[in-house]
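Let me begin by presenting the structure, written as structure tokens, before commenting on it.
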Amino acid sequence: MSAAAAPTPATWRQVQARVVRHDDAGAGHRWLELRVPADFAAPAPGQFVQLLIEWPSPVLLPRPMSVASVTRTARGLALGFLYAPVGAGTLALAGLTPSDSVGVLGSLGRGFPLEVQGTPVLLAGGRGVAPLLFAADALARAGRRCTFLFGARTHERLVGLGEARARLRRMKGALHLATDDGSRGVHGTVLGLLQRVARDLPKPLAIHACGPHGMLKAAALWGLRNEVPTFLAMESVMACGTGVCRGCPMPRSAAGRQQHRRERTTRPSLHGNEEYAMCCTEGPVFAAQDLDWERVE
């Protein structure tokens, strides 16, 4: 079994949360902070929750949101989210104000296996930075430094850059930037930046990535070529978040199909079939070798 496929206890439940903060985060993004009950199962980096806006709402289904921060306070657990209002659901979220109520289902999915040995390299593309900010915090709490590589098309799209700098400064981690137009950091892609920086990092490495699927495919193939454990947070249409609706299939690789056949009798029913994994229950974080990158859309 690959490291990213380690079982996660099914501790999710639905609770009501209160908005405690909702601010502009720049580049058309928002920072949303919700307070959930203290006994809510705290998400791990890479996991997600489903947010359901109370009636009347323009959308019926909840919206999956990866978690960017978790803070325990005297009044409960605060969950932070970095998102862009781009569709009906997220536009509705953008209208929430402090003290509004939101339904939260979680914690869901499988996160980054940060316990994997090696120098942690966090690879972020655009708003894929959100769960990696959380991962940087978790590594710091474990007494481990990381190298954070952050890329976007332009410097305006390096959303959450100030937050990334502040967190890495506290943990004495290294931050490297890349933009496609050369407006900030290295002129080029974050994968080109990885190739440059990796040469000077202590070996072995372990890569944890989140961003557009094209970027994740390039990172996965780089990791496979260089025999570097690489784990990728995938995005899909996750209507239920629990494997019931079967709406978030990810194509398994040949190795993934073989593993499924070996574990057929012990796999939970809400996982996928031999051909496809379910992003919500078997992901959203997958090991590079588990997916067929030629068929990932």
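Take the sequence shown: its position 192, counting from 1, is numbered 195 in our numbering, and each next residue is one higher.
The beta carbon of each residue, even a glycine, is placed where N, CA and C say it ideally should be.
query = alpha helix (DSSP H) containing Q53: first to last residue?
reply = Counted from its first residue, the sequence shown places residue 53 at position 50. No alpha helix (DSSP H) holds Q53; the beta strand (DSSP E) holding it covers F51 to I56.
Strand pairing of F43, partner residues [DSSP] = As a first step, residue 43 is located in the sequence shown; it is residue number 40 there, counting from the start. DSSP, once it has assigned bridges, lists no residue as partnering F43.
ask   = When DSSP builds the beta bridges, which residues end up paired with E36?
value = Working through the sequence shown from its first residue, we reach residue 36 at position 33. Paired residue(s): R24 and G83.
key: Start-to-end residues for the alpha helix (DSSP H) that takes in F137   = As a first step, residue 137 is located in the sequence shown; it is residue number 134 there, counting from the start. Unbroken alpha helix (DSSP H) run through F137: V132 to R144.
Proximity winner among A236, I210 and G244, relative to E230 (alpha-carbon distances) = Within the sequence shown, residue 230 is the residue found at index 227, counting from 1. For the residues A236, I210 and G244, the minimum Cα distance to E230 belongs to I210.
message = In whole angstroms, give me the CA-to-CA distance for T11 and G244.
response = One-based indexing of the sequence shown puts residue 11 at position 8. One-based indexing of the sequence shown puts residue 244 at position 241. Confidence is the limiting factor: at T11 the pLDDT is only 49, short of 50, which leaves the residue's position unreliable, though a coordinate-based value still follows. Rounded to the nearest angstrom, the two C-alpha atoms are 14 Å apart.
ask   = Secondary structure at V193, three-state DSSP: helix, strand or coil?
value = The count along the sequence shown starts at 1 and reaches residue 193 at position 190. If DSSP states are grouped into helix, strand and coil, V193 belongs with the helices.
request  = Work out the CA separation of V193 and R156 for me, nearest whole Å.
outcome  = By one-based count along the sequence shown, residue 156 stands at place 153. By one-based count along the sequence shown, residue 193 stands at place 190. Approximately 10 Å, taken between the alpha carbons.
Neighbour flag for L63 against chain C, beta carbons, 8 Å = Of the chains in the structure shown, none is chain C; there is only one protein chain.
message = Am I right that L99 and H32 are in contact with their C-beta atoms under 8 Å? What's the rounded C-beta distance?
response = Within the sequence shown, residue 99 is the residue found at index 96, counting from 1. Within the sequence shown, residue 32 is the residue found at index 29, counting from 1. Wrong, their Cβ atoms sit about 15 Å apart, outside the cutoff.
inquiry  = So, for V39: in the same chain, excluding its five sequence neighbours on each side, which residues have a beta-carbon less than 7 Å away from its beta-carbon?
reply    = As a first step, residue 39 must be located in the sequence shown, where it is residue number 36. Here the set comprises V18, A20, G79, L80, L82 and V107.
query = According to DSSP, is H211 helix, strand or coil?
reply = For the purposes of this step, residue 211 is identified with residue 208 of the sequence shown, where counting begins at 1. Looking at H211 - three-state DSSP - the assignment turns out to be strand.
ask   = Under 8 Å, do A45 and P134 count as touching if we go by C-beta distance?
value = On the sequence shown, residue 45 is found 42 positions in, with the first residue counted as 1. On the sequence shown, residue 134 is found 131 positions in, with the first residue counted as 1. Taking 8 Å as the Cβ cut-off, A45 and P134 do not qualify as a contacting pair.
inquiry  = Following a CB-centred definition, is G121 positioned closer than 7 Å to any heavy atom of the ligand FMN?
reply    = Ligands in the displayed structure: none, and consequently the ligand FMN is not present.
Cα-Cα separation between D27 and W34, rounded to whole angstroms = Your numbering for residue 27 matches position 24 in the sequence shown. Your numbering for residue 34 matches position 31 in the sequence shown. Going from the Cα of D27 to the Cα of W34 covers about 6 Å.
query = Based on the DSSP secondary-structure assignment, which residues constitute the bridge partners of M241?
reply = Here residue 241 refers to the residue found at position 238 when the sequence shown is read from its first residue. According to DSSP, which records beta bridges pairwise, M241 is partnered with nothing at all.
query = Measuring CB to CB, does A236 end up less than 8 Å from A258?
reply = For this step, residue 236 is matched to residue 233 along the sequence shown. For this step, residue 258 is matched to residue 255 along the sequence shown. Contact: no.
inquiry  = So L111 and F51 are supposed to be a Cβ contact under 8 Å. How far apart are they, rounded?
reply    = Numbered from its first residue, the sequence shown carries residue 111 at position 108. Numbered from its first residue, the sequence shown carries residue 51 at position 48. Indeed, because the Cβ distance is near 5 Å, the residues count as touching under 8 Å.
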